[in-house]
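Quick notes on the structure that follows.
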Amino acid sequence: MKKNLFLIFALVALTTFVFAEVKIGIINPQEVLQNSLKGKEAIERLKSMQLSKQKRYEAMQKTIDALEKETMSPALNQEAKGRKTQDLQNKRIEIKRFTEDAQKESMAAQQKEFEDIQRDLMPLIEKIAKADGFSLILDLNTAGVTYFEPAIDITDKVVKAYDSAAAAPK
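For the sequence shown, the numbering used here begins at 17 and goes up steadily by one.
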């Protein structure tokens, strides 16, 4: 009985000792993306690409609207109306394909931008974590964190380090 009691106390003491040595930090990648120079540049590139696709879509839609009006014209004979209807169907297929392709391209570009930034950030996060004595850094967006002490948030340090690294001559 004494032996079991001793083992239980030893286990509790060991567990407490192990947990006392762990220092956990938090990073908010979304904030890094929105506040860092390279993150802002990536967001602008993505917005520019999206705007370009939107303009092309709107031009295609205007063409479709004009064709719809033309097919409704009573002045068209059956043959001309048939050609216009076929053109309209082709344009609708074209805009549908364009929309699907634009979405795929947008997702791929976004993923590439974010992966590039993440690849750049990992060594910086590791350096800051080691310098500040953190054993573990959690991603605020994916870790399911509901509360944390602001003192363990390294987001601002990472943004500053990332901006400094971006400004440094290569």
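C-beta: ideal position from N, C-alpha, C; glycine also.
Because the structure is a prediction, the values reported are computed rather than measured.
Go ahead and label residue i buried or exposed: buried means 16 or more other beta carbons lie within 10 angstroms of its beta carbon, across all protein chains shown.
{"i": "residue 54", "result": "buried"}
{"i": "residue 45", "result": "buried"}
{"i": "residue 145", "result": "buried"}
{"i": "residue 140", "result": "buried"}
{"i": "residue 163", "result": "exposed"}
{"i": "residue 153", "result": "buried"}
Report, in whole angstroms, the separation of the C-beta atoms of residue i and residue j, which I expect to be a contact under 8 Å.
{"i": "residue 38", "j": "residue 171", "result": "At roughly 20 Å, the Cβ-Cβ gap does not stay under 8 Å, so residue 38 and residue 171 are not in contact."}
Alpha carbons only, please: which of the options is nearest the one belonging to residue i?
{"i": "residue 129", "options": "58, 178 and 43", "result": "58"}
{"i": "residue 56", "options": "78, 133 and 144", "result": "133"}
{"i": "residue 233", "options": "85, 52 and 167", "result": "Limits of the chain in this structure are 17 at one end and 186 at the other, which puts residue 233 out of reach."}
{"i": "residue 181", "options": "166, 143 and 149", "result": "143"}
How many angstroms separate the CA atom of residue i from the CA atom of residue j?
{"i": "residue 120", "j": "residue 160", "result": "29 Å"}
{"i": "residue 96", "j": "residue 82", "result": "15 Å"}
{"i": "residue 126", "j": "residue 100", "result": "38 Å"}
{"i": "residue 115", "j": "residue 169", "result": "40 Å"}
{"i": "residue 102", "j": "residue 72", "result": "21 Å"}
{"i": "residue 98", "j": "residue 117", "result": "29 Å"}
{"i": "residue 13", "j": "residue 91", "result": "An answer regarding residue 13 cannot be provided, because it is not within the stretch 17 to 186 covered by the chain."}
{"i": "residue 89", "j": "residue 67", "result": "33 Å"}
{"i": "residue 60", "j": "residue 124", "result": "16 Å"}
{"i": "residue 64", "j": "residue 70", "result": "10 Å"}
{"i": "residue 86", "j": "residue 158", "result": "53 Å"}
Can you tell me which residues form a DSSP beta bridge with residue i?
{"i": "residue 169", "result": "42"}
{"i": "residue 153", "result": "41"}
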